[in-house]
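Peer 1: The C-terminal residue of the sequence shown carries number 255 in the numbering used here, and the numbering is unbroken. C-beta: ideal position from N, C-alpha, C; glycine also.
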Amino acid sequence: RRHAPSHHGHRAGSNGVGLGSAFADQDTWESHTINSGTMSLFLRSTSDEQALALLALIIDKYRLTLHDQWDFRDLSSCYSGDVPGSTAACDVRPVCNSHYSRQLIFWAVLIALGGQRYEPLTRSLHVSPRPLVAECWPITLGQGSALMRPAGHSVEYEPRRDGGGAKYLQGVAVTGQCYEVEVYSGRININALVLFGRTLAEEVSLTNRDIATYCF
40 RRHAPSHHGH RAGSNGVGLG SAFADQDTWE SHTINSGTMS LFLRSTSDEQ
90 ALALLALIID KYRLTLHDQW DFRDLSSCYS GDVPGSTAAC DVRPVCNSHY
140 SRQLIFWAVL IALGGQRYEP LTRSLHVSPR PLVAECWPIT LGQGSALMRP
190 AGHSVEYEPR RDGGGAKYLQ GVAVTGQCYE VEVYSGRINI NALVLFGRTL
240 AEEVSLTNRD IATYCF
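#1: Helix, strand or coil: which one does DSSP assign to residue 47?
#2: How long is the line joining the alpha carbons of residue 185 and residue 169, rounded to whole angstroms?
#3: In its own chain, which residues sit with a C-beta less than 7 Å from the C-beta of residue 104, not counting the 5 before and 5 after it?
#4: Mind checking which residues open and close the beta strand (DSSP E) that includes residue 147?
#5: Take the Cβ of residue 121 as the centre, count every other Cβ of all protein chains shown within 10 Å, and call the residue buried at 16 or more, exposed below.
#6: Skipping 5 residues on each side, what residues in its chain have a beta carbon closer than 6 Å to that of residue 87?
#7: Using the Cβ count rule (16 or more neighbours within 10 Å means buried), how would you classify residue 89?
#8: Anyone know if the C-beta pair for residue 245 and residue 238 falls short of 9 Å?
#9: Given a cut-off of 9 Å, decide if residue 190 and residue 218 are closer than it, judged by their beta-carbon atoms.
#10: Looking at residue 144: is its Cβ nearer than 9 Å to the Cβ of residue 77?
#11: I need the boundaries of the beta strand (DSSP E) containing residue 209, first residue and last residue.
#12: Of all the options 140, 194, 181, which has the alpha carbon lying nearest to the alpha carbon of residue 175?
#13: For my contact list, residue 154 and residue 167 are in at a C-beta cut-off of 8 Å; report their separation, rounded to the angstrom.
#14: Rounded to whole angstroms, what's the CA-CA distance from residue 235 to residue 247? Just pull it up for me.
#15: Shortest alpha-carbon distance to residue 258 belongs to which of 82, 140, 69?
#16: Give the straight-line distance between the Cα atoms of residue 240 and residue 183, rounded to the nearest whole angstrom.
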């Protein structure tokens, strides 16, 4: 966002700025903004709050400004203000591609918040939920979806530092802690459920509306 600032998301391009052109559009690229916010969560390149604030620009644009949250477009554009260096908002409008499927990448936000990583060769599901969703986080697989939450204990987090020295909180698996998995659609059929790097359960086979509790 530092390189493409906008009140409504990342700018799509400069249309020749730097190549001698005097024209630059004000289009913002919805999917690129969503990708940027989601990868920030995955990579911890910013705080969770900063990443979600970027994602909220897109959600609020369609939910509050355009009042059409069921029709995300490929691009939107400003027709007044919102130029580089300006602090004024703009009159944002959709540009092209109605009901654009690329915006379905928004589902990756749920995967990022839950710290989900699926290994298809071993059919192992690794989860490491962020502190913002420590009370309940989603599991999203092609075969089904579920919610996972602590049962009887809260998730514990310890301060850590990433490769760049930035501080973040990492969940820890505590002996005796239990967790509940509730399936909301489809089925969850995996060889191992790994939480914060420790195997919580093996041979997990759950179907729609099943609720199971697993303990370390």
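Peer 2: Let me lay it out:
#1: Position 8 of the sequence shown, counted from the first residue, corresponds to residue 47. It is coil, neither helix nor strand.
#2: For the purposes of this step, residue 185 is taken as the residue at position 146 of the sequence shown. For the purposes of this step, residue 169 is taken as the residue at position 130 of the sequence shown. Taking the CA atoms as reference points, residue 185 sits about 17 Å from residue 169.
#3: Here residue 104 is taken as the residue at index 65 of the sequence shown, counted from 1. Correct list, in chain order: 131.
#4: Translated into the one-based positions of the sequence shown, residue 147 becomes position 108. Per DSSP, residue 147 lies in no beta strand (DSSP E); the unbroken alpha helix (DSSP H) holding it starts and ends at 146-152.
#5: Reading the sequence shown from its first residue, position 82 is the one you call residue 121. Annotation note: pLDDT 46 at residue 121 (below 50); position unreliable, coordinate value reported separately. The residue is buried, with at least 16 neighbouring Cβ atoms inside 10 Å.
#6: Against the sequence shown, residue 87 aligns to sequence position 48. Residues 169, 171 of the same chain have their beta carbon placed closer than 6 Å to that of residue 87, with the five preceding and five following residues left out of the count.
#7: Locating residue 89 in the sequence shown gives position 50, counting from the first residue. Looking at its Cβ environment, which holds fewer than 16 other Cβ atoms inside 10 Å, residue 89 is exposed.
#8: The residue labelled residue 245 in the question sits at position 206 within the sequence shown. The residue labelled residue 238 in the question sits at position 199 within the sequence shown. Between residue 245 and residue 238, the C-beta spacing is not below 9 Å.
#9: Taking the first residue of the sequence shown as position 1, residue 218 is located at position 179. Taking the first residue of the sequence shown as position 1, residue 190 is located at position 151. Yes, the pair counts as a contact, with Cβ atoms nearer than the cut-off.
#10: Taking the sequence shown and counting its residues from 1, the one referred to as residue 144 is at position 105. Taking the sequence shown and counting its residues from 1, the one referred to as residue 77 is at position 38. Going by C-beta atoms, residue 144 is nearer than 9 Å to residue 77.
#11: As a working note, residue 209 is residue 170 in the sequence shown. 206-211 is the extent of the beta strand (DSSP E) around residue 209.
#12: Walking along the sequence shown from the start, residue 175 turns up at place 136. Cα-wise, what sits closest to residue 175 is 194.
#13: Mapped onto the sequence shown, residue 154 falls at position 115. Mapped onto the sequence shown, residue 167 falls at position 128. Contact between residue 154 and residue 167 holds, since their C-beta atoms are separated by about 3 Å, short of 8 Å.
#14: One-based indexing of the sequence shown puts residue 235 at position 196. One-based indexing of the sequence shown puts residue 247 at position 208. Note on geometry: alpha-carbon atoms of residue 235 and residue 247 lie some 25 Å from one another.
#15: The structure shown does not extend to residue 258, since the chain spans only 40 to 255, so no value can be given for it.
#16: The sequence position of residue 240 within the sequence shown is 201, counting from 1. The sequence position of residue 183 within the sequence shown is 144, counting from 1. Distance between the alpha carbons of residue 240 and residue 183: 18 Å.
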